[in-house]
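Chains as they are written, first to last, in the numbering used here: chain F, 56 to 281; chain U, 32 to 447. Note that the Cβ used here is the ideal one computed from N, Cα and C, for glycine as well. Keep in mind that this is a model prediction, so the values were computed, not measured. To start, the structure under review is shown below, and the notes come after it.
The following block contains the structure:
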């Protein structure tokens with residue numbers, strides 16, 4: 056479903072050139088849950104940004120559903136992200152002036168759904184995530200765990216093919232983190248493809264496969280039985 | 032069907048405005064109100080200063096249409112027939128015919144020694160029917176000392192205040208005034224070879240030069256003084272009924288051939304060229320001030336939106352990251368700018384037409400040569416509203432566009 060070939064990403068700052076990804080070959084199939092691990096600065100988040108088309112690689116190829124993304128325009132990538140991907144960021148990344156319901160509904164509205172349909176879908180999704188009574192709350196009125204649940208609902212409300220998550224439990228207490236992982240497990244059970252960057256082994260072990268990155272390269276892959 | 036990006040932009044803008052800090056929103060709108068007032072009021076006062084003079088001249092002197100002697104004639108020939116013709120016009124409400132001659136006024140002649148310089152003032156001496164004059168121009172209301180003339184007054188005059196030193200204390204070889212003259216003072220009026228001693232009955236204070244430099248007396252007496260018994264007058268001011276068009280009346284008189292023996296002018300035609308030039312100059316100055324105000328407004332909105340977009344760069348990145356089109360985000364900022372400008376303009380319009388225009392109409396600014404009002408023609412004001420909205424629209428778009436075109440991931444991560 057997503058395949059990378061010899062993927063590289065180098066950052067330049069003046070004369071300083073920092074290669075972060077040094078040729079990554081990676082593939083995932085539909086419905087798979089992949090956990091990407093590695094120490095800080097290993098390149099795991101940078102890798103996630105490349106395959107989720109948030110950033111442009113320096114070299115190599117990213118092929119998604121047979122489409123080589125190298126030839127895509129910025130606009131096409133934006134539409135691809137909207138229609139195909141869902142994102143969960145470490146710091147929730149909710150829009151502060153939108154309520155939980157509006158945060159979830161926004162990508163649906165952008166996808167062309169009517170306001171009533173978008174609100175209805177979003178409301179039902181928030182209800183399923185145990186946030187039925189918080190739909191009208193602004194992010195500032197929600198706890199960290201609730202905000203992350205809203206972020207997950209927003210990411211999957213439009214039924215993306217792939218859900219990307221960048222350390223989704225990093226800012227949460229244990230209970231909240233466990234609740235988030237329960238949601239991920241349920242989504243995976245329903246067939247959702249998930250690619251998740253995490254530091255925490257206990258949560259990585261919930262995935263089907265753990266890919267370890269170090270110094271910009273995949274150093275190991277471990278298949279897990281779930 | 033409204034394009035999707037516009038709808039999303041509106042969705043985002045509405046919520047950003049609804050949940051913005053009320054203080055910040057109020058401050059921005061306050062700046063917009065001040066900008067709007069700067070656009071409309073500064074030029075409006077400048078033009079109103081002149082408009083006040085024009086209005087005064089119309090009300091107090093020319094009225095709506097004025098018929099006067101041709102430049103090479105001392106009076107309007109065939110005046111009685113002309114007056115009869117004018118009075119048949121259905122648009123005419125009232126007229127006031129006037130006799131006018133240049134003359135000299137002299138005061139203190141009884142106490143003056145032979146070696147003393149005569150205390151004289153050059154004036155336009157005018158014979159009027161007090162009732163008709165007051166019906167057309169209402170100048171009796173401008174009497175500041177004494178009383179206005181009545182038809183039976185004999186050897187009495189009303190003087191414009193420019194003729195009196197206590198009102199115009201100017202020492203100038205080109206401009207002389209009468210000293211120690213008040214109500215009841217006897218002065219001499221000299222027209223040609225005829226001199227008559229008259230008593231000052233009243234003093235008119237007017238910002239219309241044509242009134243302030245005149246000495247008025249009852250027409251029957253003035254006729255005998257200048258020896259004109261044929262009823263030919265020098266000028267006729269014509270007041271029209273409400274809604275009547277001065278141009279139509281002027282044209283009707285011209286079609287009747289009046290222009291062969293008299294000048295027929297509307298109040299606008301009768302404005303001196305220098306006044307028209309000053310109006311044009313003030314309009315230009317007003318436009319310059321307005322342009323500066325517009326630039327200030329544009330920069331203000333630019334800064335506000337730029338800071339707003341800059342501090343929200345991360346969220347702009349997130350919006351792009353989750354697939355929201357950059358155009359929709361740009362529209363949201365444009366809508367916010369237009370909202371600020373529109374609300375500022377609406378409140379400004381309310382202030383201008385609800386408070387300032389009526390206030391200045393009731394309490395004109397006391398300029399030396401006019402009662403300044405606030406002139407704000409609705410068409411010009413709406414044009415300025417349009418200018419303000421368009422400039423703020425551009426000022427809102429540019430910073431949003433600058434931030435949105437930055438790399439999505441850099442925005443999300445706060446990288447430069």
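Q. Within 10 angstroms of its Cβ, does residue 185(F) collect 16 or more other Cβ (buried), or is it exposed?
A. Against the first chain, residue 185(F) aligns to sequence position 130. If you draw a 10 Å sphere on the C-beta of residue 185(F), you find fewer than 16 other C-beta atoms in it, and that means exposed.
**Q.** Cβ-Cβ separation, residue 121(U) to residue 110(U) (assumed contact under 8 Å), whole Å
**A.** Mapped onto the second chain, residue 110(U) falls at position 79. Mapped onto the second chain, residue 121(U) falls at position 90. About 21 Å separates the beta carbons of residue 110(U) and residue 121(U), which is beyond the 8 Å limit, so they are not a contact pair.
Q. Using 8 Å as the limit for Cβ to Cβ distance, is residue 75(U) near chain F?
A. Along the second chain, one-based indexing puts residue 75(U) at 44. Not one chain F Cβ lies under 8 Å of residue 75(U).
Q: Could you tell me whether any Cβ in chain U is nearer than 8 Å to the Cβ of residue 61(F)?
A: Along the first chain, read from residue 1 onward, the residue named residue 61(F) stands at position 6. With a threshold of 8 Å between beta carbons, residue 61(F) makes no contact with chain U.
Q. Looking at residue 251(F) and residue 90(F), is the spacing between their C-beta atoms short of 8 Å?
A. The residue labelled residue 90(F) in the question sits at position 35 within the first chain. The residue labelled residue 251(F) in the question sits at position 196 within the first chain. Less than 8 Å separates the beta-carbon of residue 90(F) from that of residue 251(F).
**Q.** Cβ shell of residue 57(F) (< 6 Å), same chain only, five flanking positions each side left out
**A.** Stepping through the first chain from its first residue, residue 57(F) is reached at position 2. Beyond the five residues adjoining it in sequence on each side, residue 57(F) comes within less than 6 Å, by CB distance, of 83, 106 and 119 in the same chain, given in chain order.
Q) Are any of the Cβ atoms in chain U nearer than 8 Å to that of residue 165(F)? A) The sequence position of residue 165(F) within the first chain is 110, counting from 1. Answer yes: the Cβ-Cβ gap between residue 165(F) and chain U drops below 8 Å somewhere.
Q: Let me know if residue 391(U) comes out buried or exposed under the rule of 16 or more other beta-carbons within 10 Å of its beta-carbon.
A: Against the second chain, residue 391(U) aligns to sequence position 360. Buried, because 16 or more other Cβ atoms sit within 10 Å of the Cβ of residue 391(U).
Q: Say whether the segment 229-236 of chain U touches the segment 178-197 of chain U, bearing in mind that this needs 3 or more beta-carbon pairs closer than 8 Å, one atom from each stretch.
A: Yes, the segment 229-236 of chain U is in contact with the segment 178-197 of chain U.
Q: Select from 196(F), 209(F) and 69(F) the residue whose C-alpha is nearest the C-alpha of residue 174(F).
A: Locating residue 174(F) in the first chain gives position 119, counting from the first residue. Of the candidates 196(F), 209(F) and 69(F), the one whose C-alpha sits nearest the C-alpha of residue 174(F) is 209(F).
Q.
For residue 296(U), list the residues DSSP reports as bridge partners.
A. The count along the second chain starts at 1 and reaches residue 296(U) at position 265. For residue 296(U), DSSP records a beta bridge to 97(U).
(Q) 8 Å is my cut-off, CB to CB: does residue 439(U) come that close to chain F? (A) Residue 439(U) sits at position 408 when you count from the first residue of the second chain. Using a Cβ-Cβ cut-off of 8 Å, residue 439(U) counts as an interface residue toward chain F, since at least one Cβ of chain F sits closer than that to its own.
Q) Within this structure, are the beta carbons of residue 139(U) and residue 210(U) separated by less than 8 Å? A) For the purposes of this step, residue 139(U) is identified with residue 108 of the second chain, where counting begins at 1. For the purposes of this step, residue 210(U) is identified with residue 179 of the second chain, where counting begins at 1. Yes, the pair counts as a contact, with Cβ atoms nearer than the cut-off.
Q. By DSSP, does residue 60(F) sit in helix, in strand, or in coil?
A. Along the first chain, read from residue 1 onward, the residue named residue 60(F) stands at position 5. Here residue 60(F) sits in strand by DSSP.
Q: Figure out for me which residue from 266(U), 302(U), 317(U) and 314(U) has the closest Cα to the Cα of residue 292(U).
A: Numbered from 1 along the second chain, position 261 holds the residue referred to as residue 292(U). Among 266(U), 302(U), 317(U) and 314(U), the Cα nearest to that of residue 292(U) is on 266(U).
Q. Under the DSSP definition of a beta bridge, which residues are partnered with residue 150(U)?
A. Indexing the second chain from 1 puts residue 150(U) at position 119. BP columns for residue 150(U) point to 138(U).
(Q) Can you list, in chain order, the residues of its chain with a C-beta nearer than 7 Å to that of residue 195(U)? Leave out the 5 residues immediately preceding and following it. (A) Residue mapping note: residue 195(U) aligns to position 164 of the second chain, counting from 1. The residues are 208, 209, 212 and 234.
**Q.** Where the alpha helix (DSSP H) through residue 76(F) begins and ends
**A.** Translated into the one-based positions of the first chain, residue 76(F) becomes position 21. No alpha helix (DSSP H) contains residue 76(F), which is instead part of the beta strand (DSSP E) from 71-83.
Q. Which runs of the alpha helix (DSSP H) spanning at least 4 residues fall entirely within the segment 92-177 of chain F, listed in chain order?
A. If we require 4 residues or more, the alpha helix (DSSP H) runs fully inside the segment 92-177 of chain F come out as 99-106, 129-139 and 155-165.
(Q) Quick check on the burial criterion: 16 or more other C-beta atoms within 10 angstroms. Buried or exposed for residue 158(U)? (A) Translated into positions along the second chain, residue 158(U) becomes position 127. For residue 158(U), the number of other beta carbons within 10 angstroms of its own is at least 16, and it is reported as buried.
Q.
Taking the alpha carbon of residue 152(F) as the reference point, which residue from 394(U), 43(U) and 251(U) has its own alpha carbon closest?
A. Your numbering for residue 152(F) matches position 97 in the first chain. Checked all of 394(U), 43(U) and 251(U); the closest Cα to residue 152(F) is 43(U).
Q: Using only alpha-carbon positions, find the residue among 178(F), 202(F) and 259(F) that is nearest to residue 146(F).
A: The count along the first chain starts at 1 and reaches residue 146(F) at position 91. Here the closest residue by C-alpha is 202(F).
Q | Length of the line joining the Cα atoms of residue 71(F) and residue 220(F) | A | In the first chain, residue 71(F) corresponds to position 16, counting from 1. In the first chain, residue 220(F) corresponds to position 165, counting from 1. Roughly 30 Å separates the two Cα atoms.
Q) Since residue 60(F) and residue 115(F) are thought to touch, with beta carbons under 8 Å apart, how far apart are those beta carbons, to the nearest angstrom? A) Taking the first chain and counting its residues from 1, the one referred to as residue 60(F) is at position 5. Taking the first chain and counting its residues from 1, the one referred to as residue 115(F) is at position 60. So it is a contact: roughly 6 Å between Cβ atoms.
Q: Express the C-alpha separation of residue 162(U) and residue 181(U) in angstroms, rounding to a whole number.
A: Position 150 of the second chain, counted from the first residue, corresponds to residue 181(U). Position 131 of the second chain, counted from the first residue, corresponds to residue 162(U). Distance between the alpha carbons of residue 181(U) and residue 162(U) is about 7 Å.
Q.
For residue 277(U), which residues in the same chain have their Cβ closer than 6 Å to its Cβ, ignoring the five residues on either side in sequence?
A. Taking the first residue of the second chain as position 1, residue 277(U) is located at position 246. Closer than 6 Å at Cβ, skipping near neighbours: 95, 96 and 297.
Q.
At a CB distance below 8 Å, what residues from the segment 101-125 of chain F approach chain U? Give them in sequence order.
A. Going along the segment 101-125 of chain F in chain order, one finds 104, 109 and 110 with a Cβ nearer than 8 Å to chain U.
Q: With 8 Å as the threshold, decide whether the Cβ of residue 142(F) is near any Cβ in chain U.
A: Along the first chain, one-based indexing puts residue 142(F) at 87. Output row for residue 142(F): interface = yes.
Q) Once you ignore the five residues that flank residue 340(U) on each side, which residues in its own chain have a CB closer than 7 Å to its CB? A) Along the second chain, read from residue 1 onward, the residue named residue 340(U) stands at position 309. Excluding residues up to 5 positions away in sequence, 347, 364, 430, 431 and 434 lie with their Cβ nearer than 7 Å to the Cβ of residue 340(U) in the same chain.
(Q) Pull the bridge partners of residue 191(U) from the DSSP assignment, please. (A) Numbered from its first residue, the second chain carries residue 191(U) at position 160. Bridge partners of residue 191(U) according to DSSP: 235(U).
Q. According to DSSP, is residue 155(U) helix, strand or coil?
A. Against the second chain, residue 155(U) aligns to sequence position 124. Strand at residue 155(U).
Q | Boundaries (first-last residue) of the alpha helix (DSSP H) holding residue 37(U) | A | The residue you call residue 37(U) lines up with position 6 of the second chain. Residue 37(U) -> alpha helix (DSSP H) spans 35-49.
(Q) Quick check on this structure: which residue in 382(U), 413(U) and 401(U) has the alpha carbon closest to the alpha carbon of residue 88(U)? (A) Locating residue 88(U) in the second chain gives position 57, where the first residue counts as 1. Answer by Cα proximity: 401(U).
Q | Near-chain F residues of the segment 393-420 of chain U (beta-carbon distance less than 9 Å), N- to C-terminal order | A | Of all residues in the segment 393-420 of chain U, none has a C-beta nearer than 9 Å to a C-beta of chain F.
Q. How about residue 181(F) and residue 159(F): are their beta carbons less than 8 Å apart?
A. Reading the first chain from its first residue, position 126 is the one you call residue 181(F). Reading the first chain from its first residue, position 104 is the one you call residue 159(F). Yes, they are a contact pair.
Q. Could you give the distance in angstroms between the alpha-carbon of residue 145(U) and the alpha-carbon of residue 231(U)?
A. For the purposes of this step, residue 145(U) is identified with residue 114 of the second chain, where counting begins at 1. For the purposes of this step, residue 231(U) is identified with residue 200 of the second chain, where counting begins at 1. Each residue's alpha carbon lies about 24 Å from the other.
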